[in-house]
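Number of protein chains: 2
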Amino acid sequence: MAQLERTHLAIVRAVDQHGSLTAAAEQLHLTQSALSHAIRKLEDQLGVAIWTREGRRLRPTQAGAYLLSVANRLIPQLTHAEARLRQFAQGERGTLRIGIECHPCYQWLLKVVSPYLAEWPDVDVDVKQEFQFSGIGALFGHEIDLLVTPDPLFRTGLQFEAVLDYEQVLVVGPGHRLADTPCVQPDQLAQETLISYPVPIDRLDIYTQFLLPAGIRPKRHKPIETTDIMLQMVASGRGVAALPRWLANEYAERLGVTAVRLGERGIDKQIFLGIRQAEAGIDYLHAFVELARAHRNHRG
Amino acid sequence: MAQLERTHLAIVRAVDQHGSLTAAAEQLHLTQSALSHAIRKLEDQLGVAIWTREGRRLRPTQAGAYLLSVANRLIPQLTHAEARLRQFAQGERGTLRIGIECHPCYQWLLKVVSPYLAEWPDVDVDVKQEFQFSGIGALFGHEIDLLVTPDPLFRTGLQFEAVLDYEQVLVVGPGHRLADTPCVQPDQLAQETLISYPVPIDRLDIYTQFLLPAGIRPKRHKPIETTDIMLQMVASGRGVAALPRWLANEYAERLGVTAVRLGERGIDKQIFLGIRQAEAGIDYLHAFVELARAHRNHRG
DNA sequence: ATCAAAGCATGCACTAAATTCATGAATTAG
DNA sequence: CTAATTCATGAATTTAGTGCATGCTTTGAT
């Protein structure tokens with residue numbers, strides 16, 4: 057008999073945000089009375105207390121906390137669906153919500169996005185870099201429509217495709233003692249300062265695939281947010297960094313930095329694009345993947 | 057201005073299911089007129105046609121198809137939330153929806169579920185074996201609360217924990233020529249009939265980890281649904297099967313089957329339990345994982 | 001202690017939205 | 001060509017949500 061309506065979810069969220077009925081009512085453009093009636097009815101219908109009245113405070117019960125989690129999950133999806141439908145209405149194609157999980161991916165993404173925007177003028181692109189959990193979670197949770205990541209996941213209802221092969225190299229400044237080496241060995245980094253993006257060590261290939269297997273750790277480890285600053289630091293001899301070769305090459309001339317192979321065989325990496333399988337047929341989504349793949353061949 | 061309500065989603069689904077307004081109206085306990093008014097208003101508010109009127113048929117437009125996919129995703133979640141809240145109301149703890157991705161996991165699961173049910177009398181357990189996509193997708197999509205799988209996935213908003221280590225062995229019937237071998241080599245299976253669960257070859261460890269690396273394929277491959285029949289077949293000399301050692305051992309005496317190591321080192325496997333990280337704190341969920349882990353130590 | 005301020009609950013009146021009823025128009029099948 | 005089926009529409013009706021006025025309880029300041 058109890059039908060969970062969108063209003064109910066909205067109310068639960070608003071009350072949680074503002075901590076009081078009166079304040080929540082304002083946000084919802086309702087009177088306090090209307091809210092009071094509404095929650096009364098909801099609680100009656102469900103047969104559960106959603107809040108305990110402690111003095112004049114409303115504290116969510118266990119059921120309330122659960123309902124809140126449902127609301128926080130579903131309301132954004134409804135909101136997005138509305139936006140999407142409105143876009144249909146205006147003849148727009150929609151918004152492509154792209155998530156990226158790796159820092160250098162961003163540099164690559166920019167190159168693909170600009171021709172894409174030109175080719176699909178009625179599709180907007182939105183890029184997200186932060187996720188509550190992982191990018192894959194965001195894809196499953198319909199927070200994004202396309203994921204750029206070095207870590208694909210097959211057989212899951214998602215579809216991944218490699219769009220860029222590259223070599224992860226060590227970047228050293230001008231005149232660095234390793235600048236002329238054909239390749240560097242792990243122990244040669246024991247006395248170096250390693251500059252990296254601020255992510256856990258187990259997400260840095262230079263650790264997982266190069267240093268840790270050899271039991272080596274660099275003398276210092278310095279996290280830096282942006283690629284530009286990172287390379288400025290490297291150029292000025294403050295440390296070395298591990299980056300894609302194509303990215304290092306772009307800065308090579310300007311900053312005088314050099315790319316050196318990591319180990320004799322080098323570290324090979326791939327960037328993947330992931331989408332929800334069910335949406336593989338959407339033209340403007342498919343087109344992005346195609347464009348990215350074409351881009352891959354361009355650079356050889 | 058257009059608020060997407062639960063009713064709208066329900067209508068879209070009902071119309072899709074029944075193919076006509078009149079039939080859909082019946083399911084929704086409404087008159088055909090009410091539905092007609094409702095969809096008119098919705099389309100007006102959204103500014104998009106959701107169906108095209110072809111004769112007296114309603115065919116979903118692109119927007120309609122999108123709305124339907126949203127509805128099919130969200131309505132079940134709302135329904136489940138209601139059920140969950142109703143359980144709260146009745147003092148029950150809830151339903152633990154378990155998904156399993158591997159056939160022998162089922163046998164193992166039964167052993168854990170029965171003490172769990174005894175310990176948590178007010179929690180129901182529901183086991184699902186079929187998913188639209190993968191088990192991980194079902195976990196992300198809130199179709200299940202707990203996943204039993206041999207393929208974990210870390211760093212995703214999910215939490216996986218190994219609860220059983222076992223060896224995958226070859227099971228042969230009484231008097232089979234390989235029954236007394238300490239271990240079997242890939243080429244010794246070239247003339248055998250291999251019996252397995254009906255899953256793609258790339259999900260069978262005996263292929264991916266044993267036969268395919270050696271470039272061997274068995275003479276025949278026979279898919280069988282159930283473990284019992286599978287072992288009956290093995291016992292009667294119709295073929296050989298790859299199963300967990302503990303499972304083979306349980307049938308060893310009764311059917312006279314023998315477990316033989318695959319390769320010199322054997323194939324080691326693990327079963328994992330996966331949950332959504334955000335729900336790691338739920339007591340009856342946590343308790344299941346704990347119980348499973350305790351079970352692991354029991355058997356050594 | 002006392003009083004004012006702030007917050008929630010509730011009964012009643014009102015309004016707006018959803019539903020039905022009655023009917024018409026269009027399509028399809030025999 | 002008719003009968004049956006289906007969707008659309010306008011007016012009538014019912015229902016559910018909302019607001020107002022008000023009372024009760026808690027909280028904090030004097």
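First to last, the sequence lines map onto chains C and Z.
Here the first sequence stands for residues 57 to 356, where the numbers follow the numbering used here.
Here the second sequence stands for residues 57 to 356, where the numbers follow the numbering used here.
Ideal Cβ positions, reconstructed from N, Cα and C, are used throughout, including at glycine.
The alpha helix (DSSP H) that contains residue i, what's its start and end?
i: Z:Gln-326; result: Not the alpha helix (DSSP H): Z:Gln-326 falls in the beta strand (DSSP E), residues 323-332.
i: C:Arg-69; result: 62-74
i: C:Gln-382; result: Absent from the model: residue 382 of chain C. The displayed extent of chain C is 57 to 356, so no value can be given.
i: C:Arg-273; result: Taken as a continuous stretch (DSSP letters only), C:Arg-273 belongs to no alpha helix (DSSP H), as it is neither H nor E.
i: C:Ile-95; result: 88-102
Which residue marks the beginning of the beta strand (DSSP E) containing residue i, and which one marks its end?
i: C:Phe-49; result: Given a span of 57 to 356 for chain C in the structure shown, any question on residue 49 of chain C remains unanswerable.
i: C:Thr-108; result: 107-110
May I ask you to report which of helix, strand or coil DSSP gives residue i?
i: Z:Lys-278; result: strand
i: C:Ser-252; result: strand
i: C:Leu-114; result: strand
i: C:Val-240; result: strand
i: Z:Leu-347; result: helix
i: Z:Ile-338; result: coil
i: C:Ala-246; result: coil
i: Z:Leu-260; result: coil
i: C:Gly-120; result: helix
i: Z:Leu-234; result: coil
i: C:Gln-59; result: coil
Please confirm if residue i has its CB atom under 8 Å from at least one CB of chain Z.
i: C:Ser-252; result: no
i: C:Phe-382; result: Since the first residue shown for chain C is 57 and the last is 356, residue 382 of chain C is missing from the structure and cannot be characterised.
i: C:Gly-337; result: no
i: C:Glu-199; result: no
i: C:Gln-73; result: no
i: C:Ala-119; result: yes
i: C:Asp-89; result: Looking at the sequence provided, one finds Ser at residue 89 of chain C rather than Asp. No - not a single Cβ of chain Z is within 8 Å of the one on C:Ser-89.
i: C:Ile-192; result: yes
i: C:Glu-148; result: no
i: C:Val-126; result: yes
i: C:Arg-355; result: Any reading at C:Arg-355 must be qualified, since the residue scores a pLDDT of 49, below 50, and its modelled position is unreliable; the value itself is stated next. No, C:Arg-355 does not count as interfacial toward chain Z.
i: C:Leu-303; result: no
i: C:Phe-144; result: yes
i: C:Glu-217; result: no
i: C:Gly-103; result: yes
i: C:Arg-352; result: no
i: C:Gln-224; result: no
i: C:Gln-28; result: There is simply no residue 28 of chain C to check, as chain C begins at 57 and stops at 356 in what is shown.
Between residue i and chain C, is the shortest Cβ-Cβ distance under 8 Å, so that the two count as touching?
i: Z:Arg-69; result: no
i: Z:Phe-196; result: yes
i: Z:Glu-61; result: yes
i: Z:Thr-205; result: no
i: Z:Leu-123; result: yes
i: Z:Ser-92; result: no
i: Z:Phe-189; result: yes
i: Z:Gln-133; result: yes
i: Z:Thr-108; result: no
i: Z:Thr-212; result: yes
i: Z:Gln-326; result: no
i: Z:Arg-140; result: yes
i: Z:Val-130; result: Looking at the sequence itself, residue 130 of chain Z is Leu, so the reference to Val does not match. Closer than 8 Å: yes.
i: Z:Leu-209; result: yes
i: Z:Ala-80; result: no
i: Z:Ala-58; result: yes
i: Z:Ala-137; result: yes
In the region 130-211 of chain C, which residue ranges form an unbroken beta strand (DSSP E) of at least 3 residues, counting only runs that do not cross its ends?
The DSSP assignment places complete beta strand (DSSP E) segments of no fewer than 3 residues inside the region 130-211 of chain C at 150-156, 179-184 and 202-205, in order along the chain.
Just list the beta strand (DSSP E) runs in the region 286-320 of chain Z, keeping only unbroken ones of 3 residues or longer that don't cross its boundaries, in chain order.
296-300 and 314-318
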